[in-house]
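**Student:**
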Amino acid sequence: MKWKHVSDHAGKLEAWVVLKMSAWAVRGDDGIYIVDTGLSFMSPRLLKEAEKLGPVKGILLTHGHLDHVGGLKKLLKKRRLAVYAHEKEIPYAEGSLPYPGRKKPEKIVPAGTLTPLPEEDGELLPIAGLQPVFTPGHTPGHVCYYEPESRVMITGDLFTSKKGQLNRPIPMFTADMDQAIKSADLLREYDIDILSICHGEDVAEGNEALAQYRENMDR
Ligand SMILES: [Zn+2]
Ligand SMILES: [Zn+2]
1 MKWKHVSDHA GKLEAWVVLK MSAWAVRGDD GIYIVDTGLS FMSPRLLKEA EKLGPVKGIL
61 LTHGHLDHVG GLKKLLKKRR LAVYAHEKEI PYAEGSLPYP GRKKPEKIVP AGTLTPLPEE
121 DGELLPIAGL QPVFTPGHTP GHVCYYEPES RVMITGDLFT SKKGQLNRPI PMFTADMDQA
181 IKSADLLREY DIDILSICHG EDVAEGNEAL AQYRENMDR
């Protein structure tokens, strides 16, 4: 496992299990937020690294796939923290609906664990200055998180990456690829230096990379 500096306000824990798995810690206005938890074995190190940066105030989820929430159980045993996800993701992650393309619902996290991200008039509100961006497609309630001070966009599984360029999310695990590709455009209204990617290397010059991705997908 490797802890990586993403920016002055964000770090990323990377592990290899068949493919790269990542989880993040990001600085908000009032302390540190863990973004996704990785697989179970990653969470003790993630908490340790996050707490080196400051007091941990909460957990934000990009979506509810096991490789993003597998560490929740251990984390919540050690610290009492609110865990936020998009309201639309919660029934899938907590097992009242099957993820699209799956036969059976799965209780990936126990019912009642997740708190809906706050919304007003259908718009997601920032949490401690961190802006969630609703980017459905990979899953119905997938969210990215924008850290405005260092202009980092944590993109969960909205993309993979190859040779410094954005690539499509993993098709086998993506509910609606067309929607996921369209959702990428929603990031273009932010000023982005780094697109941080779960299953791949981070991508610099975010806005240029997004424009290039759009061009590649249109071909
Ligand atoms: Zn996923
Ligand atoms: Zn994933």
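Taking UniProt numbering, the leading residue of the sequence shown gets 1, the next gets one more, and so forth.
Virtual Cβ for every residue (Gly too), placed ideally from N, Cα, C.
If you're wondering where the values come from, they're calculated on a predicted model, not measured in any experiment.
1. Check this for me: beta carbons of Thr-115 and Ala-82, under 7 Å apart or not?
2. Measure the alpha-carbon distance for Leu-46 versus Asp-29 and round it to whole angstroms.
3. Please tell me whether, using a cut-off of 6 Å, the distance from the CB of Cys-144 to the nearest non-hydrogen atom of ligand 2 is below it.
4. Express the C-alpha separation of Asp-185 and His-138 in angstroms, rounding to a whole number.
5. Say yes only if the C-beta of His-86 is nearer than 6 Å to one or more non-hydrogen atoms of ligand 2, and no if none qualify.
6. From Leu-72, Pro-105, Ala-15, pick the residue whose C-alpha is nearest to that of Arg-80; which is it?
7. Does ligand 1 have even one heavy atom less than 6 Å from the beta-carbon of Asp-157?
8. Can you give the Cα-Cα distance for His-120 and Pro-126, rounded to whole angstroms?
**Tutor:** According to the data block:
1. Sequence index remark: in the sequence shown, residue 115 carries index 115 (1-based). Sequence index remark: in the sequence shown, residue 82 carries index 82 (1-based). Contact flag set, yes.
2. The residue you call residue 46 lines up with position 46 of the sequence shown. The residue you call residue 29 lines up with position 29 of the sequence shown. If I take the Cα positions, the gap works out to 20 Å.
3. In the sequence shown, residue 144 corresponds to position 144, counting from 1. Not one heavy atom of ligand 2 lies closer than 6 Å to the C-beta of Cys-144.
4. Against the sequence shown, residue 138 aligns to sequence position 138. Against the sequence shown, residue 185 aligns to sequence position 185. Taking the straight line joining both Cα atoms gives about 14 Å.
5. Here residue 86 is taken as the residue at index 86 of the sequence shown, counted from 1. Checking the Cβ of His-86 against ligand 2 gives no.
6. Your numbering for residue 80 matches position 80 in the sequence shown. Just measuring C-alpha positions, the residue of Leu-72, Pro-105, Ala-15 sitting nearest Arg-80 is Leu-72.
7. Counting from 1 along the sequence shown, the entry for residue 157 is found at position 157. A distance criterion of 6 Å places the beta-carbon of Asp-157 in contact range of ligand 1, judged by its closest non-hydrogen atom.
8. By one-based count along the sequence shown, residue 120 stands at place 120. By one-based count along the sequence shown, residue 126 stands at place 126. First, the residue type needs correcting, since residue 120 is Glu and not His in the sequence shown. Cα-Cα distance, rounded: 10 Å.
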